[in-house]
Amino acid sequence: MAKTPSNIALTGDRPTGKLHLGHYVGSIQNRLKLQDTSDKSYYLIPDVQALTDNSDNPSKVSENVIEVILDNMACGVDPKKTTYFIQSQIPEIAEMTVFFLNLVTVARLKRNPTIKSEMQQKGYGEDVPAGFLCYPVSQAADILILRATSIPVGEDQLPIIEQANELIRKFNHIYGEFFHEITPVLSETKRLVGIDGQAKASKSLGNAIYLSDSDEVIAKKVMSMYTDPTHIKVEDPGKVEGNVVFTYLDIFDADKAEVENLKKQYTQGGLGDVVVKKRLIQVLQDFIGPIRARRQELEKDKAAIMKIVEEGTKRVQEEAKAYMKEMKKHMGIGYFY
Ligand code: TRP
61 MAKTPSNIAL
71 TGDRPTGKLH
81 LGHYVGSIQN
91 RLKLQDTSDK
101 SYYLIPDVQA
111 LTDNSDNPSK
121 VSENVIEVIL
131 DNMACGVDPK
141 KTTYFIQSQI
151 PEIAEMTVFF
161 LNLVTVARLK
171 RNPTIKSEMQ
181 QKGYGEDVPA
191 GFLCYPVSQA
201 ADILILRATS
211 IPVGEDQLPI
221 IEQANELIRK
231 FNHIYGEFFH
241 EITPVLSETK
251 RLVGIDGQAK
261 ASKSLGNAIY
271 LSDSDEVIAK
281 KVMSMYTDPT
291 HIKVEDPGKV
301 EGNVVFTYLD
311 IFDADKAEVE
321 NLKKQYTQGG
331 LGDVVVKKRL
341 IQVLQDFIGP
351 IRARRQELEK
361 DKAAIMKIVE
371 EGTKRVQEEA
381 KAYMKEMKKH
391 MGIGYFY
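Take the sequence shown: its letters are residues 61 to 397, numbered as in our numbering.
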């Protein structure tokens, strides 16, 4: 019988580029909370997963490992509270993946809504790399190898968590209770709109504000934000719904009363876009400024950062090795122990 689980948080970002405000509101802010409230907390750099759709460009993945680490540390994901580790250095994740692959069909993998939409985006059709189709299975292994229970993720990852729970139930049914089901931890703001008004701020759409953007770039991006196309003259009444500037103010401006006040004026007419944008520029510069400064500080000694990650990875190697032994025993294949 499986033991009652401790409260263990685990999450990660594919190392394919620097992180942006969407990552912050979708997941990083929950990591900050969970590292203080969980029994243990892990931050994984899923480089193997990133290779599933970047096999032709492996240096893009290896070079971005340090970038996602720097972004997380700069935001306050503290290596004293959260163990950082790199997926490719934990062979037991690959091992567990192989066992899980027998518990899922190709048809089910193709039905996963996240995979389906990513396949469409990338135009894979039938020529989808097998590793890509199977990454939700290895993501389940990322989580289960450390017995994690709470997974802070963005909304787009929900079908992957659901599929992991299906695998858990199937495994437990065949081999007897071993794994506990996992719970996604979503933030209030499930997804951040892009500066162009598209549903999601994303690297590939080029509509995101980065946690490392300079004050100048922040200002430029805010000035280009989608507002209300029918709000032409200052006197015109403007729409607040779907207006990206107000959406961002709602999330990032601590002075809620003032935001309400501005919304009222804007809706009535008499408040220009530029005034509201100037406020948002200030708010975002104040928010990103300290993160960028910490990032620049950390960047000065990348070797020290990698040393910390190496130590974390070594701890995880030990834990993973011991747990794989337990798992094999449970499966009836612990032949030599
Ligand atoms: N798929 C996640 C993303 O694209 C990254 C990831 C890999 C992850 N393994 C994980 C997230 C385990 C949470 C838990 O952002």
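We treat Cβ as the ideally placed atom computed from N, Cα and C, and that holds for glycine.
Keep in mind that this is a model prediction, so the values were computed, not measured.
Quiz item: Cβ atoms of I242 and I211: under 8 Å apart, would you say?
Solution: It is a contact, given that the beta carbons lie within the stated cut-off.
Quiz item: In the DSSP assignment, what are the bridge partners of L227?
Solution: Beta-bridge pairing by DSSP links L227 to no other residue.
Quiz item: Excluding five sequence neighbours on each side, which residues of the same chain lie with their C-beta closer than 7 Å to the C-beta of K381?
Solution: Taking C-beta separations shorter than 7 Å and ignoring five residues to either side along the sequence, the partners of K381 in its chain run E152, following chain order.
Practice problem: Indicate whether N267 and D275 have their beta-carbon atoms separated by less than 8 Å. | Solution: Taking 8 Å as the Cβ cut-off, N267 and D275 do not qualify as a contacting pair.
Practice problem: Using the DSSP secondary-structure output, state which residues sit across from S264 in a beta bridge. | Solution: Looking at the DSSP assignment, S264 forms no beta bridge with any residue, so it has no partner.
Quiz item: Grouping DSSP H, G and I as helix and E and B as strand, with all else coil, what is S210?
Solution: Under the three-state reduction of DSSP, S210 is assigned to strand.
Exercise. Find the nearest neighbour of V197 within the set Q180, Q217, Q181 and E186, judged by alpha-carbon distance.
Key: Checking every option, the nearest Cα to that of V197 belongs to Q217.
Quiz item: What do you reckon, is the C-beta of I203 under 7 Å from a heavy atom of the ligand TRP?
Solution: I203: yes, Cβ under 7 Å from the ligand TRP.
Self-check item: Cβ neighbours of R354 in the same chain (closer than 7 Å, five flanking residues each side left out)
Solution: Result list for R354: A134, in chain order.
Quiz item: Leaving out the 5 sequence neighbours to the left and right, which residues in its chain are closer than 7 Å to N67 when beta-carbon positions are compared?
Solution: Same-chain partners within the cutoff: S98, D99, T209 and S210.
Practice problem: Mind checking which residues open and close the alpha helix (DSSP H) that includes F312? | Solution: V304 to F312 is the span of the alpha helix (DSSP H), which, as asked, contains F312.
Exercise. Answer yes if the stretch 312–320 comes into contact with the stretch 280–288, meaning at least three C-beta pairs across the two stretches below 8 Å, and no otherwise.
Key: Cβ pair count under 8 Å is below three, so no.
Quiz item: Can you tell me the Cα-Cα spacing of T143 and E378, whole angstroms?
Solution: When rounded, the distance between both Cα atoms is 13 Å.
Practice problem: Please classify P75: does DSSP put it in a helix, a strand, or coil? | Solution: Three-state DSSP puts P75 in coil, outside helix and strand.
Quiz prompt | Where the beta strand (DSSP E) through I105 begins and ends | solution = For I105, the enclosing beta strand (DSSP E) has its first and last residue at K100 to I105.
Exercise. State whether the stretch 345–364 contacts the stretch 108–119, with contact taken as three or more CB pairs (one from each stretch) at a distance under 8 Å.
Key: Judged by Cβ distances under 8 Å, the stretch 345–364 makes no contact with the stretch 108–119, as fewer than three pairs qualify.
Practice problem: Give the DSSP bridge partners of L331, in chain order. | Solution: Answer is none; L331 lacks a bridge partner.
Quiz item: Going straight from the alpha carbon of M366 to that of K385, what length do you get?
Solution: One C-alpha to the other measures close to 28 Å.
Self-check item: Coarse secondary structure for I68, derived from DSSP in three states
Solution: Strand at I68.
Quiz item: Residue ranges of each alpha helix (DSSP H) run of no fewer than 4 residues wholly in the stretch 336–397, ordered along the chain?
Solution: Runs found: 362–391.
Exercise. Return yes when the C-beta of D131 is under 7 Å from any heavy atom of the ligand TRP, and no when it is not.
Key: Annotation for D131 indicates a beta carbon at 7 Å or more from all heavy atoms of the ligand TRP.
Quiz prompt | Reduced DSSP category for M61 - H, G, I as helix; E, B as strand; rest coil | solution = At M61, the pLDDT of 44 sits below 50, so the modelled position is not reliable; the number obtained from the coordinates is stated separately. Note: M61 maps to coil in three-state DSSP.
Quiz prompt | Minimum Cβ-Cβ distance from P75 to chain B less than 8 Å | solution = Looking at the structure shown, chain B is missing, and only one protein chain is on hand.
Practice problem: Check F160 in the structure and name its three-state DSSP category. | Solution: Helix, per DSSP.
Quiz item: How close, in whole Å, do the beta carbons of P224 and I205 come, if the pair is a contact with beta carbons under 8 Å?
Solution: Here residue 224 turns out to be Ala, not Pro, going by the sequence shown. With 8 Å as the limit, A224 and I205 do not qualify as a contact, their Cβ atoms being about 12 Å apart.
Quiz prompt | Whole runs of the beta strand (DSSP E) within the stretch 124–206, excluding any shorter than 3 residues | solution = Given a length threshold of 3 residues, each whole run of the beta strand (DSSP E) inside the stretch 124–206 is given here in chain order: 143–146.
Quiz item: Y270 by DSSP, collapsed to three states: which one?
Solution: Looking at Y270 - three-state DSSP - the assignment turns out to be strand.
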